[in-house]
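A.B. asks: First to last, the sequence lines map onto chains A and B. Each residue of the first sequence is one higher than the last, beginning at 4 in this note's numbering. Each residue of the second sequence is one higher than the last, beginning at 16 in this note's numbering. The C-beta atom is built at its ideal place from N, Cα and C for all residues, glycine as well. Note that the structure is a prediction, hence the values are computed from the model and not measured. Handing you a structure now.
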Amino acid sequence: MSEPIRLRTPLTDEDVERLKIGDRVLLNGVIYTGRDAAHKRLFDLLREGKALPFDLKGQIIYYVGPAPAKPGQVFGSAGPTTSYRMDAYSPSLIEKGLKGMIGKGMRSQDVKEAMKRHKAVYFAATGGAGALLAKRVKKARIIAYEDLGPEAIRELEVEDLPVIVVNDVRGNDLYIEGEKKYHKD
Amino acid sequence: MREIDVKLITAKVRDLCMEANTDLGEDVLQAFDRALREEESPLAREILKELKENARIAKEEKVAICQDTGFAVVFVELGQDVHLVGGDLKEAIFEGVRQGYRDGYLRKSICHPFTRANTGDNTPPIIHTEIVPGEKIKIVVAPKGGGSENMSRVMMLTPSDGVEGIKRSVIERVRESGSNPCPPTIVGVGIGGTFEQAALLAKKSLLRPLGSKNADPELGKLEAEILTGINKLGIGPQGLGGRTTSLAVHILMMPCHIASFPLAVNIQCHAHRHKETEI
Chain A
4 MSEPIRLRTP
14 LTDEDVERLK
24 IGDRVLLNGV
34 IYTGRDAAHK
44 RLFDLLREGK
54 ALPFDLKGQI
64 IYYVGPAPAK
74 PGQVFGSAGP
84 TTSYRMDAYS
94 PSLIEKGLKG
104 MIGKGMRSQD
114 VKEAMKRHKA
124 VYFAATGGAG
134 ALLAKRVKKA
144 RIIAYEDLGP
154 EAIRELEVED
164 LPVIVVNDVR
174 GNDLYIEGEK
184 KYHKD
Chain B
16 MREIDVKLIT
26 AKVRDLCMEA
36 NTDLGEDVLQ
46 AFDRALREEE
56 SPLAREILKE
66 LKENARIAKE
76 EKVAICQDTG
86 FAVVFVELGQ
96 DVHLVGGDLK
106 EAIFEGVRQG
116 YRDGYLRKSI
126 CHPFTRANTG
136 DNTPPIIHTE
146 IVPGEKIKIV
156 VAPKGGGSEN
166 MSRVMMLTPS
176 DGVEGIKRSV
186 IERVRESGSN
196 PCPPTIVGVG
206 IGGTFEQAAL
216 LAKKSLLRPL
226 GSKNADPELG
236 KLEAEILTGI
246 NKLGIGPQGL
256 GGRTTSLAVH
266 ILMMPCHIAS
276 FPLAVNIQCH
286 AHRHKETEI
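Here it is as C-alpha cells:
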C-alpha cells in the first residue's frame, strides 16, 4: 500500500488531475460541511443568480451532520452521510468551481460527467468512523443556515483528514472497479 | 411479587443509550480482527484498521462511535412477578432515552415523516416488551442507524422457493445494498411467522454475540453458506472492494402459515451497538 498523498485546500486543476481511484489522501486546510437541506438552499441561490455564502472555487464540501460537540471537544462525531441525496444539486456546484466532495456511496452518472467535464473528484471517508474523523477537525464555525442545526454549513479547518479517491477526473469509479476486482463466481 | 420503581428503569435506559453509542462490543472488535487476518485488499485492511482505531477513540473519550446515534430500539423482558411502581413503563423508557441522548451529546435523529421536523429529544423510541416468568427485568438498548435500516426488506416468498430461495434473496439484498449500509455489515435474517414477526425475528437475531453458534445446527449451516456467498460478491469494507462485505449472518426462524414463506433481512452496519442490563 503506497503512502497517502497530502493535499491542501483550495485545490487546483493540477491537484485533482493527478489523483486516481484508490489513492489515499490526507486533506489539510479549510473545507465546508453541507448535506440535504443546505444543498437545496445553495442550489436555489444559484438558480436565482444570487451570491452563495462562500466562494466554491477550489473548495471541498463534506456531506456530514455531526453529533453535538461535548464540552472541550472541537467537533462532535462526524462521519460521512450517503451522497446520492446530493446528486441532484452537485453538478451545478461543480460547474461553479467546486473541486471535491466527501461522502459515502455511489454517485449518479450526471455527477460523474460533471466531475469529468469540470475537473473535480469525489472522495469517500469511512462511514461510521465518526469519532476518528472528528479528531482531525481543528477548528469549526457555522457560516450559514444556523437554523438547520446539524445541517448548517460549517467551515472546518482539518488536519490530515483521511479520505479515499472514489471518482477521478477520468471517469473511473472505485465502487465499480473494486467490486469487480474482488468478485468471485 | 417484587416491586421495582420505574425511576430505576429510566436511569438504566439513560446509561445504556450512552454506553451503547460509545463502547463497541468486544465481539465486534474480535470480528474486525478476524476480518483483518483474512482480507486480501490492502485498502480494505486500512479501512478495518480505521474502524478499530475509531472504536478505541470513542471508548476512551466517551464520544459517539458514529454521528448517526440511531433510533433507540429498546427490548424489555418483564418478569411477570414484577410490580412496577412510581409511574408507567413506557414514559420511564421515553425519559431514559431523552436523558441519555441529551447527557451523552448524541445526535437527535427522529423527525416527523412529512414535515421532517425533529422531535428534538430522540423520542419516541421503539419498544418491544415481552412478559416472561420470574421477577427480573432485562433491558436491551440497540441504537439503529438510518443508512443500514434503509437497506432492509421484508419479502413474502412462495413456499416453493425453498431454502435456495432464502439464500438467493438474502445475498441479492446485500448485493443491491452495495456500499450504502456501511459494510462490513451484520445481516439479520428472520424466517417464518407473519409479515411483522419476520421483521422482528431479523432484528432480534442481531443481538446474538458475533462469532457465536446458532443453537440450531441446520440454521448454523445456512448462516455459513449465505455468508460465504455474500463475501464472494467483492463489495468489501465501505463498498470499495474486498472480501469482507459482511462479518456475520444471523438467522432466527419460527413456523409460518401453510400458504406463506416470510423472509426479513435486517442489515446492520459495522457500528453494531447494543448494551443490556438486568434489574
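1. Skipping 5 residues on each side, what residues in its chain have a beta carbon closer than 6 Å to that of K23(A)?
2. Taking only beta-carbon atoms, is Q212(B) less than 8 Å away from chain A?
3. For I177(B), go through chain A and note every residue whose CB falls closer than 9 Å to its CB, in chain order.
4. Let me confirm a value: D18(A) is counted as buried when at least 16 other C-beta atoms fall within 10 Å, else exposed. Which label applies?
5. Can you tell me whether R17(B) is buried or exposed, with buried defined as 16 or more other CB within 10 angstroms of its CB?
6. Flag this pair as yes or no: are the beta carbons of A72(A) and I105(A) separated by less than 8 Å?
7. Excluding five sequence neighbours on each side, which residues of the same chain lie with their C-beta closer than 8 Å to the C-beta of Y92(A)?
8. Please report the residue range of the beta strand (DSSP E) in which D163(A) lies.
9. Figure out for me which residue from A286(B), Q283(B), I19(B) and G94(B) has the closest Cα to the Cα of E150(B).
10. Restricting to runs no shorter than 3 residues, where is the beta strand (DSSP E) found entirely within the stretch 41-111 of chain B?
11. Here's the rule I'm using: 16 or more other beta-carbon atoms within 10 Å means buried, otherwise exposed. How should D83(B) be labelled?
12. Give a yes or no on whether the C-beta atoms belonging to E182(A) and I250(B) are separated by under 8 Å.
13. I'd like the span of the alpha helix (DSSP H) that includes A143(A), first residue to last.
14. Which residue's Cα is closest to the Cα of G244(B): A263(B), L44(B), Q253(B) and L63(B)?
15. Note down, in chain order, all residues in the stretch 77-92 of chain A with a beta-carbon under 7 Å from any beta-carbon belonging to chain B.
16. Would T292(B) count as contacting chain A if we go by Cβ distances under 8 Å?
17. Identify the contact partners of R27(A) in chain B, using a Cβ-Cβ distance below 9 Å as the criterion.
18. Within the continuous alpha helix (DSSP H) that includes V114(A), where are the two ends?
19. Mind checking the stretch 20-54 of chain A against chain B and listing, in chain order, the residues whose C-beta falls within less than 8 Å of any C-beta there?
20. Of all the CB atoms in chain A, is at least one closer than 8 Å to the CB of G257(B)?
21. Count the CB pairs spanning the stretch 274-288 of chain B and the stretch 162-175 of chain B that are closer than 8 Å, and state whether there are at least three.
22. So which residues of chain B does G108(A) contact, with C-beta pairs closer than 8 Å?
23. Is it the case that the stretch 76-87 of chain A contacts the stretch 46-60 of chain A, given that we only count it when at least three CB pairs across the two stretches are under 8 Å?
24. Measuring alpha carbon to alpha carbon, tell me which residue in R71(B), K22(B), V28(B) and Q114(B) is nearest V155(B).
25. Below 8 Å on the Cβ atoms is my contact criterion, and I expect G101(B) with K22(B) to pass it. Report the Cβ-Cβ distance as a whole number of Å.
26. Taking one C-beta from the stretch 139-150 of chain A and one from the stretch 94-114 of chain A each time, how about it: are there three or more such pairs within less than 8 Å?
27. Please state the DSSP three-state secondary structure of H272(B).
28. Apart from the five residues on each side of it in sequence, which residues of its chain come closer than 8 Å, Cβ to Cβ, to I152(B)?
29. Return the first residue and the last residue of the beta strand (DSSP E) that I241(B) is part of.
30. List the residues of chain A that T84(B) touches, going by C-beta distances under 7 Å, in chain order.
31. M16(B) lies in the alpha helix (DSSP H); which residues open and close that run?
32. Output, in chain order, the set of chain B residues within a Cβ distance shorter than 7 Å of G174(A).
33. Return the chain-ordered list of same chain residues with a C-beta closer than 8 Å to the C-beta of A256(B), the five sequence neighbours on each side being excluded.
34. Starting from H42(A), follow the beta strand (DSSP E) in both directions and report where the run begins and ends.
35. Assign E65(B) to buried or exposed, taking buried as 16 or more other Cβ atoms, counted over all protein chains shown, within 10 Å of its Cβ.
36. Which term fits K236(B), buried or exposed, when burial requires 16 or more other beta carbons within 10 angstroms of its beta carbon?
C.D. replies: In this structure, then:
1. Taking the first sequence and counting its residues from 1, one reaches residue 23(A) at position 20. Excluding sequence neighbours, K23(A) sits near D171.
2. Within the second sequence, residue 212(B) is the residue found at index 197, counting from 1. It does not; no Cβ of chain A falls within 8 Å.
3. Position 162 of the second sequence, counting from 1, holds the residue named residue 177(B). One detail in the question is off: residue 177(B) reads as Gly in this sequence, not Ile. None at all; the shortest Cβ gap to chain A is about 22 Å.
4. If you number the first sequence from 1, residue 18(A) lands on position 15. Buried is the call here.
5. What you label residue 17(B) is simply residue 2 of the second sequence in a count that begins at 1. R17(B) should be labelled exposed.
6. In the first sequence, residue 72(A) corresponds to position 69, counting from 1. In the first sequence, residue 105(A) corresponds to position 102, counting from 1. No, these two residues do not count as a Cβ contact at 8 Å.
7. Here residue 92(A) corresponds to residue number 89 of the first sequence, with the count starting at 1. Same-chain partners within the cutoff: H42, K43, L45 and F46.
8. For the purposes of this step, residue 163(A) is identified with residue 160 of the first sequence, where counting begins at 1. First-last of the beta strand (DSSP E) with D163(A): I156 to N170.
9. The residue you call residue 150(B) lines up with position 135 of the second sequence. When each option's Cα is compared against that of E150(B), the closest is G94(B).
10. 86-94 and 97-100
11. Position 68 of the second sequence, counting from 1, holds the residue named residue 83(B). Buried.
12. Against the first sequence, residue 182(A) aligns to sequence position 179. Against the second sequence, residue 250(B) aligns to sequence position 235. In contact: E182(A) and I250(B) (Cβ atoms closer than 8 Å).
13. The count along the first sequence starts at 1 and reaches residue 143(A) at position 140. Run containing A143(A): none in the alpha helix (DSSP H); it sits in the beta strand (DSSP E), V140 to A147.
14. Indexing the second sequence from 1 puts residue 244(B) at position 229. Nearest of A263(B), L44(B), Q253(B) and L63(B) to G244(B), Cα basis: A263(B).
15. G79, S80, A81, G82 and T85
16. By one-based count along the second sequence, residue 292(B) stands at place 277. No - not a single Cβ of chain A is within 8 Å of the one on T292(B).
17. If you number the first sequence from 1, residue 27(A) lands on position 24. The contacting residues are L58 and E61.
18. Numbered from 1 along the first sequence, position 111 holds the residue referred to as residue 114(A). Residues Q112 to H121.
19. G25 and R27
20. Position 242 of the second sequence, counted from the start, is the residue given in the question as residue 257(B). With 8 Å as the cut-off, G257(B) counts as an interface residue toward chain A.
21. yes
22. Numbered from its first residue, the first sequence carries residue 108(A) at position 105. Result: G193, S194, N195 and G254.
23. no
24. Stepping through the second sequence from its first residue, residue 155(B) is reached at position 140. Here the closest residue by C-alpha is V28(B).
25. Residue numbering aside, residue 101(B) sits at position 86 when the second sequence is read from its first letter. Residue numbering aside, residue 22(B) sits at position 7 when the second sequence is read from its first letter. About 6 Å; that satisfies the 8 Å criterion.
26. no
27. Position 257 of the second sequence, counted from the start, is the residue given in the question as residue 272(B). Reduced to three states, the DSSP call for H272(B) is coil.
28. In the second sequence, counting from the first residue as 1, residue 152(B) sits at position 137. Closer than 8 Å at the Cβ level, and outside the excluded window around I152(B), lie I19, I24, V91, E92, L93, G94, V97, E293 and I294.
29. Looking up residue 241(B) in the second sequence gives position 226. Counting along the chain, I241(B) falls outside any beta strand (DSSP E), though it belongs to the alpha helix (DSSP H) covering P232 to N246.
30. Taking the first residue of the second sequence as position 1, residue 84(B) is located at position 69. Correct list: A70.
31. Indexing the second sequence from 1 puts residue 16(B) at position 1. Element bounds for M16(B): n/a, residue is neither H nor E.
32. Translated into the one-based positions of the first sequence, residue 174(A) becomes position 171. Near G174(A) there are no residues of chain B at all, since even the closest Cβ is about 17 Å away, more than 7 Å.
33. The count along the second sequence starts at 1 and reaches residue 256(B) at position 241. Before going on, a small fix: residue 256(B) reads as Gly here, not Ala. For G256(B), where only same-chain residues beyond five positions count, the Cβ hits under 8 Å are S56, L58, A59, G249 and I250.
34. Position 39 of the first sequence, counted from the first residue, corresponds to residue 42(A). Per DSSP, H42(A) belongs to no beta strand (DSSP E); it is in the alpha helix (DSSP H), D39 to R50.
35. The sequence position of residue 65(B) within the second sequence is 50, counting from 1. Buried, by the Cβ-count rule.
36. As a working note, residue 236(B) is residue 221 in the second sequence. The residue in question, K236(B), is exposed, as its Cβ has fewer than 16 Cβ neighbours within 10 Å.
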